[in-house]
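Peer 1: Residue numbers (this note's numbering): 7 to 137.
Idealized CB from N, CA, C, for every residue including glycine.
Only a predicted model underlies this, so the values are computations on that prediction, with no experimental measurement involved.
Please find one structure pasted underneath; my questions will follow.
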């Protein structure tokens, strides 16, 4: 990825997450860049402060966007584990529903796949080493 492509990808992912948060009633005031992570071209993890002062973790990229209160994890690595577990449980609930339709089954399978990917990212020590 060129520097221009990288910059465009990060901007696009931020805009998608900001839109997702706005749809959930969370308007971003600022991003805590030092705690956020970009793992292009797959994943972004943003720690944000909303205009009401509350803080959140939000993820986006080649996976469903999601949000959680900042209190669920101390850092980006831990929040990936949080979302991985949360998505596994959500998928399990979808698949256990009475006669899940194909769309529900497909979404559950997507959640499982992405949850496994998030957990793998969280376990890769080289991604989390600081310079």
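(1) Just curious, the alpha helix (DSSP H) that residue 118 is in, first and last residue?
(2) Need the endpoints of the alpha helix (DSSP H) that residue 50 sits in, please.
(3) I need the straight-line Cα distance from residue 17 to residue 9, nearest angstrom please.
(4) Between residue 7 and residue 46, which are expected to be in contact by the criterion C-beta below 8 Å, what is the C-beta distance as a whole number of angstroms?
(5) Leaving out five residues before and five after residue 87 in sequence, what residues of the same chain have Cβ atoms less than 7 Å from its Cβ?
(6) Would a C-beta distance cut-off of 8 Å place residue 26 and residue 71 closer than the cut-off?
(7) My output table needs one value for residue 38: the three-state DSSP class, helix, strand or coil.
(8) If you drop the 5 nearest sequence neighbours on each side, which residues of the same chain put their C-beta closer than 6 Å to that of residue 66?
(9) With a threshold of 16 other CB atoms inside 10 Å of the CB of residue 117, please say whether the residue is buried or exposed.
(10) Quick check on the DSSP output: the beta strand (DSSP E) that includes residue 72 runs from which residue to which?
Peer 2: On the basis of the data shown:
(1) Numbered from its first residue, the chain shown carries residue 118 at position 112. Element bounds for residue 118: 108-129.
(2) For the purposes of this step, residue 50 is identified with residue 44 of the chain shown, where counting begins at 1. Where residue 50 is concerned, there is no enclosing alpha helix (DSSP H), although the beta strand (DSSP E) it sits in stretches over 49-56.
(3) The residue you call residue 17 lines up with position 11 of the chain shown. The residue you call residue 9 lines up with position 3 of the chain shown. Computed Cα separation, rounded: 12 Å.
(4) As a first step, residue 7 is located in the chain shown; it is residue number 1 there, counting from the start. As a first step, residue 46 is located in the chain shown; it is residue number 40 there, counting from the start. At roughly 7 Å, the Cβ-Cβ gap stays under 8 Å, so residue 7 and residue 46 are in contact.
(5) The residue given as residue 87 occupies position 81 in the chain shown. Excluding positions up to five away in sequence, the list reads 125 and 128.
(6) As a first step, residue 26 is located in the chain shown; it is residue number 20 there, counting from the start. As a first step, residue 71 is located in the chain shown; it is residue number 65 there, counting from the start. Cβ atoms of residue 26 and residue 71: closer than 8 Å.
(7) If you number the chain shown from 1, residue 38 lands on position 32. Coil at residue 38, not helix or strand.
(8) Position 60 of the chain shown, counted from the start, is the residue given in the question as residue 66. Excluding residues within five positions, the ones whose Cβ falls inside 6 Å are 19, 22, 23 and 50.
(9) Position 111 of the chain shown, counted from the first residue, corresponds to residue 117. With 16 or more Cβ atoms within 10 Å of its Cβ, residue 117 is classed as buried.
(10) Here residue 72 refers to the residue found at position 66 of the chain shown. Residue 72 -> beta strand (DSSP E) spans 72-75.
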